[in-house]
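Colleague: This is the structure I have questions about; it appears just below.
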Amino acid sequence: TLPDVVLAVRGGYGASRLLESIDYIGLQRRLLNQPLALCGHSDFTAIQLALLAQVGLITFSAPMLAGNFGAATLSEFTLHHFWQALTSPTVEVTWQSETPDEGEWQGTLWGGNLAMICSLIGTPWMPQFENGILVIEDVNEHPFRIERMLIQLQQSGILARQRAIVTGSFTSTALTEYDNGFDFSTVWQRLRDTTGLPLICGLDFGHAADTVTLPLGASARLAVSQGHARLQATGHPVLRE
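Numbered per full-length UniProt numbering, the sequence shown spans residues 1 to 241.
This is how it looks when you write it as structure tokens:
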């Protein structure tokens, strides 16, 4: 009997080494009659996107066993959004965003850790979505490095297939003299200017104590009005009662 929930213990490095060894078809068949919630983020993003690209398996970008559930104090915000995502047919998160963009967009929700997304470009493990809603986060990366990754996504044609971009947490980064004032707000505005895409900032998602849980590969609707953002997702595995 399969468990209802499988949690990645932690991130780090090395997940990319496993991608050629995973039995994607076998895993898909095993889970066909008994779906489960496969959860993690960070380095685990590589495995999640490979599962999505190869067999369309929806997983959850979610807190992990060591870094989140193993913390001295578990965030009530994180716990609430974790169980809400795993037990509700509709995942819904709302937040205030300092964005000039307003409107409503529908597409496939996907993404995760930006560095891991970029590492899959040109491989069979990169999902190829038209009309995607791309959500990104990262840790220990300066703004100029984040811009470099986003330019890579743009120049490889991936951003042209997106409906919107949602930015999560970009943590453990302090500007230095080397950055010369080039901050994340500058990165986001340059991305809007060069792609024409709506970019909705400020979602609590990623390497932080407070993080929402999102189903990667689910159908999503994103709406923004006067800085109030709402993201809804459906079609993901839901835990049995």
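All C-beta atoms in this analysis are idealised placements derived from N, C-alpha and C, irrespective of residue type, glycine included.
According to DSSP, Trp110 sits in a beta bridge with which residue or residues?
Modeller: Leu134
Colleague: Quick one, which of Glu147, Ser156, Ile158 and Thr194 has its alpha-carbon nearest Phe182's?
Modeller: Glu147
Colleague: Whole angstroms are fine: how far does the CA of Leu38 sit from the CA of Trp110?
Modeller: 15 Å
Colleague: Just to confirm, is the Cβ distance from Thr213 to Ser42 under 8 Å?
Modeller: no
Colleague: Reducing DSSP to helix, strand and coil, say where Thr173 ends up.
Modeller: coil
Colleague: Could you give the uninterrupted runs of the beta strand (DSSP E) lying entirely in the stretch 62-110, keeping only those of 3 residues or more?
Modeller: 90-96
Colleague: If Val166 sits next to Leu222, beta carbons under 8 Å apart, how far is it from one beta carbon to the other, in whole angstroms?
Modeller: 7 Å
Colleague: Rounding to the nearest angstrom, what Cα-Cα distance links Ser21 and His207 in this structure?
Modeller: 27 Å
Colleague: Among Ile158, Glu76, Gly107 and Gln106, which has the Cα closest to the Cα of Leu114?
Modeller: Here the closest residue by C-alpha is Ile158.
Colleague: Given this structure, state the Cα-to-Cα distance separating Pro100 from Leu199, to the nearest angstrom.
Modeller: 9 Å
Colleague: From the DSSP output, read off the bridge partner residues of Pro3.
Modeller: Per DSSP, none; premise fails for Pro3.
Colleague: Using three-state DSSP, classify Val212 as helix, strand or coil.
Modeller: coil
Colleague: Using a Cβ-Cβ cut-off of 8 Å (strictly less than) and excluding sequence neighbours within five positions of Leu216, which residues of its own chain qualify?
Modeller: Gln48, Leu49, Leu52, Ile58, Thr59, Phe60, Ser61, Leu109, Trp110, Gly111 and Gly112
Colleague: With a threshold of 16 other CB atoms inside 10 Å of the CB of Pro89, please say whether the residue is buried or exposed.
Modeller: exposed
Colleague: Could you tell me the distance, in whole angstroms, from the CA atom of Arg30 to the CA atom of Pro3?
Modeller: 12 Å
Colleague: If we ignore side chains and look at the alpha-carbon of each, how far apart do Ile117 and Leu150 end up?
Modeller: 10 Å
Colleague: Take every Cβ of the stretch 72-82, pair it with every Cβ of the stretch 9-23, and state whether three or more of those distances are shorter than 8 Å.
Modeller: no
Colleague: Alpha carbon to alpha carbon, how far is Gln106 from Glu130?
Modeller: 11 Å
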